[in-house]
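Which chain is which? The protein sequence lines are V and L, in order.
Using the numbering used here, you'd call the opening residue of the first sequence number 1 and step up by one each time.
Using the numbering used here, you'd call the opening residue of the second sequence number 1001 and step up by one each time.
For each residue, glycine too, the CB sits at the ideal point set by N, CA and C.
Below is one structure, written out as C-alpha cells, with a few remarks after it.
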Amino acid sequence: MNLARFPAAAAVLCAAVAAGCGLGPGEDSGEVELTISRDYGATVLEQRTESIDESDTVLRVLDRSADLETRYGGGFVRSIDGLAGSQNGGRRTDWFFYVNGIESPVGSAEYDLSDGDRVWWDHHDWTSAMRVPAVVGSWPEPFVHGFEGERWAADLRCRAAASVCDRVSAQISDAGAGPSDRSDGAITVLVGVWERIRSNPDAGLLDEPPSESGVFASFAGARRPLLTLLNERGEPAGSLGRGAGLVAALRPADGPPTWVVTGTDRVGLTAAAGMLGDDLSNHFAVATDGGGPLRVPLR
Amino acid sequence: MRPALAYRPGRSPLHRASPGAAISYLGALVAVGFVFASPLVLVSVGIALALAGIAAGAKCAVAASLRLAVPLIVLMVLVNALVTQRGDTVLVRGWELPVLGQMDVTLESLAAGGRIGLLVAVAVLGFAVYSACVDPDRVLRALRPVARRSAMTAGLVTRMVPLAVADGARLHEAAGLRGPAAAPVGRAELARRLVESSLDRAVDVAATLELRGHSLEARPQRERRPSRDDAPLIGTAVLIALAALVAGLAGGGGFETYPQIEVDAGPATLSLCAGLVLLAAIPFMRAKIKRVALSRTLASTRPVRWWGWRARG
C-alpha cells in the first residue's frame, strides 16, 4: 500500500508509533506478589511471585496463576480454583482483592499493576462488613509502593514514649517508606495508648461496628479500656484487658489510609509496636495479649 | 424495482402457512441464537435461517441481509475492541488516554465483539426472511382483533424497512445518473437524505394503511381453515425448542470470552448445531417430498386418466 496515497492512514500510523503503540503485551515491568487466601487470611491457598508486563492487570495476573470463573463480562470474579462466592443461610461470601493493602475502587480487570505491588485475593463472609477498605497484611505496603502507581509518605503522629515512637519510625523507614508522589496527603500512623488517641476522628472509628470501621475489633471504655475482638460474623469472640494491643488500618475516605498502633495500656502499646513487621503478614488486623499476634477477626 | 426485503408472494411452506406458524418457526430459530452464547450455535442458526430463506425463494432477502450484517459485525468488533480492554491476550498495546484509560486491544474483546455482531446478524437474517416470506397484511389481519395499534405499528415497520432500502437504491441510482462531471455523493450524504425523508414516507404508509381501512374496528372474520403447512412449521418450532432445552440441560452451547476464550465444542453443542440445520429443513423437505410424490403419481396415472377421459369422451 502506498501510504502517500492515503495521508490519513499514514498520519494514524505515525501517531500510533509516536504514542508508543506496539504489538503484544508490552515489555516486562517487574514482579508482583500474589496471595490467595480465604476467611480473612486464615488459610493461605497460594502465595507466589509473578512477572508482569506493561499491560498486566490484577485479573490477568490472577488468571495466569489460578483457574478463574468470571461474571458480568469478565469484570467480576466469581470463583478461583473452584471456590466460588455464595449465599447460604443469609450469609454472603465473595472474593475481594487488595493491592498494597488497599481495597481497590476499580475492578480487577481495570487495575494496572506496577513493579513491587502486592495483590491479595481473599474469599470471605461480608455480611457483617460489606467493605474492609484497608488491611495491614500486605506489610510493608502501602508504605513502599503506595497505591495505583503513586507513593505516599508516612506521617507519624506519636503520642507515646520516645522509645516506642522511635521504634515505630525505624520500622517504617527500614521497610522502605519513601517520599510522597501524591498531593493528597500521607499515610497517617497514629501511635499511642487508646485513651490518648481515641479523640482522633479516624481512630474514633474503632468505637464503631465493623460495618463502619472495617475492623473486627473495638474498644470500650476510656480509663480501663477493653479491647473486644469479633469473629467473622461480627459477633464478640473475646475481650482483652491489660496488656492488649492492636494494629489496624482504617480508611474513612478515598485518600491514604490511617494506621493505628495502640493498646489498652503502655504494655499493650509496646507489644503492638513490636508487631510491625512479619507478624502482620496476611492478617486484616492484628491484636495481641502479650503472648503473640492474634489474627483479627477471630475464627 | 421491488426491494429485496419486501414481501414476495410465493408457494413455499413459509408463504402458505399462517403468520403465527411462520413466526413460531423463525422465532424459535432466532430465540435459540439469543439463548446460547456460543458462536458455533449462532453460526448454525444463521445457516439454518439462510437455508430456510433460500428454500422459500427469498434468496435476494438473504443476500441483502448478509450485505447489511457483515459491516455490522465488523463495526461491533471494532467498537468492542476499543471500549473493552478486558481479556488476557493483549494483541496491541494501545494508548493511555486521559478519560478512557489504557486502550489495549485484546483477542478476547475482538471475540466478544464478533459474538455480538453474529447475534445482530442472526436477528437481521431472521427479520429479512420474515419480511420476504410472511405477508404483512395477513399479520395485520391476524393481530387486529388482539391489538389494533400494535398491529398497525408492526405493519408500518415491516413496510418501512424494504421501503427505505428501495429509496436508498433509487437515491444512489439518481446520484450515479448525474453524469461523470458531477461531484461524488458519499454514503453519509445518502443516509442523511434517507433519514430526512423517512418521516414523510412513514406518514405516506400510515395514510395508505388508513385508506385501506386498517384504522377501523376489526370486522368479524370468517373462520379460516388452518393451512396444511402450519403443523410442520409449528412442530419444527417445538422440536427446535426441545433440542435447545436438551442441549442446555446437557451443558452445551457454553462460551466464555473473559478472561480467556473458552468455546464449548462438546457433543451437546455440536449435536445442537447439526440438529438446528436439519430441523430447520424439515418443513421444506416435507414439501419437496410431497411434490416429488405428487409428480410421480401424476406421471404414473396420466395415461390412465387420459385414456379414461378419452373413453368417457
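- Beta-bridge partners assigned by DSSP to F76(V): R71(V).
- Sorting I80(V), G82(V), L246(V) and T188(V) by C-alpha distance to the C-alpha of P252(V) places T188(V) at the top.
- Here the C-alpha atom of D289(V) lies approximately 8 angstroms from the C-alpha atom of R242(V).
- In this structure, the straight-line span from the alpha carbon of V135(V) to that of D1088(L) is close to 28 angstroms.
- Ranked by how close their Cα comes to the Cα of T127(V), the residues L246(V), S86(V), G101(V) and G146(V) have S86(V) in first place.
- Residue pairing by DSSP places W121(V) opposite I36(V) and F97(V) in a beta bridge.
- According to the DSSP assignment, G245(V) belongs to no alpha helix (DSSP H) but to the beta strand (DSSP E) extending over G245 to L250.
- Rounded to the nearest whole angstrom, the CA to CA distance from A1132(L) to R1193(L) is 25 angstroms.
- Excluding residues up to 5 positions away in sequence, E1256 lie with their Cβ nearer than 6 angstroms to the Cβ of E1262(L) in the same chain.
- By the Cβ test, the segment 268-278 of chain V is in contact with the segment 149-168 of chain V, since at least three Cβ pairs between them sit closer than 8 angstroms.
- Where S1197(L) is concerned, there is no enclosing beta strand (DSSP E), although the alpha helix (DSSP H) around it starts and stops at R1187 to L1211.
- Neighbours of D28(V) in chain L, taken as residues whose beta carbon is under 7 angstroms from its own, are absent, since the nearest beta carbon is some 13 angstroms off.
- Shown in chain order are the members of the segment 36-68 of chain V whose Cβ falls below 9 angstroms from a Cβ of chain L: D53, E54, S55, D56, T57, L59, R60, L62, D63, R64 and L68.
- Judged by their CB atoms, D122(V) and S211(V) are not nearer to each other than the 8 angstroms cut-off.
- Residue pairing for W259(V): DSSP places it in a beta bridge opposite V189(V) and A249(V).
- When the Cα atoms are used, L1029(L) and T70(V) turn out to be separated by approximately 28 angstroms.
- Burial is judged here by how many other beta carbons sit within 10 angstroms of a residue's own beta carbon; Y72(V) has fewer than 16 and is exposed.
- Runs of the alpha helix (DSSP H) spanning 4 or more residues and lying entirely within the segment 1219-1254 of chain L occur at 1230-1249, in chain order.
- Identification of residues in the segment 1249-1277 of chain L having a C-beta nearer than 8 angstroms to some C-beta of chain V yields E1256, T1257, Y1258, P1259 and Q1260, given in sequence order.
- Taking 3 residues as the shortest admissible run, the segment 1074-1124 of chain L contains the following complete beta strand (DSSP E) segments, listed from N- to C-terminal end: 1090-1093.
- Residues are counted here when their Cβ sits less than 8 angstroms from a Cβ of chain L; for the segment 84-115 of chain V these are A109, E110 and D112, given in chain order.
- Rounded to whole angstroms, the gap between the alpha carbons of H1015(L) and R1144(L) is 20 angstroms.
- Per DSSP, G238(V) is one residue of the beta strand (DSSP E) stretching across P236 to L240.
- Annotation for L1091(L): V1105, T1106 and L1107 place their beta carbon closer than 7 angstroms to its own, counting only its chain and skipping 5 residues before and after.
- In this chain, the alpha helix (DSSP H) harbouring F1034(L) covers P1019 to V1035.
- DSSP places D155(V) in the strand class (E or B) of the three-state scheme.
- With contact defined as three or more Cβ pairs closer than 8 angstroms, the segment 1117-1133 of chain L and the segment 1054-1069 of chain L are in contact.
- At the C-beta level, A1121(L) and G1046(L) come within 8 angstroms of one another.
- Here E150(V) is exposed. Its C-beta has fewer than 16 other C-beta atoms within 10 Å.
- Taken through DSSP and simplified to helix, strand or coil, T1158(L) comes out as helix.
- Distance from the Cα of G75(V) is smallest, within the candidate group I197(V), Y111(V), T262(V) and G185(V), for Y111(V).
- Residue environment analysis places I52(V) among the buried positions, since at least 16 neighbouring C-beta atoms fall within 10 angstroms of its C-beta.
- Across the set A42(V), R91(V), E148(V) and I172(V), the C-alpha of E148(V) shows the shortest separation from the C-alpha of G116(V).
- Proximity of chain L to G73(V) at the Cβ level (cut-off 9 angstroms) is accounted for by T1084, R1086, A1112, T1257 and Y1258, in chain order.
- From the listed residues V1139(L), A1050(L) and L1245(L), the smallest Cα separation to F1036(L) is found for L1245(L).
- When DSSP states are grouped into helix, strand and coil, A1142(L) belongs to the helix group.
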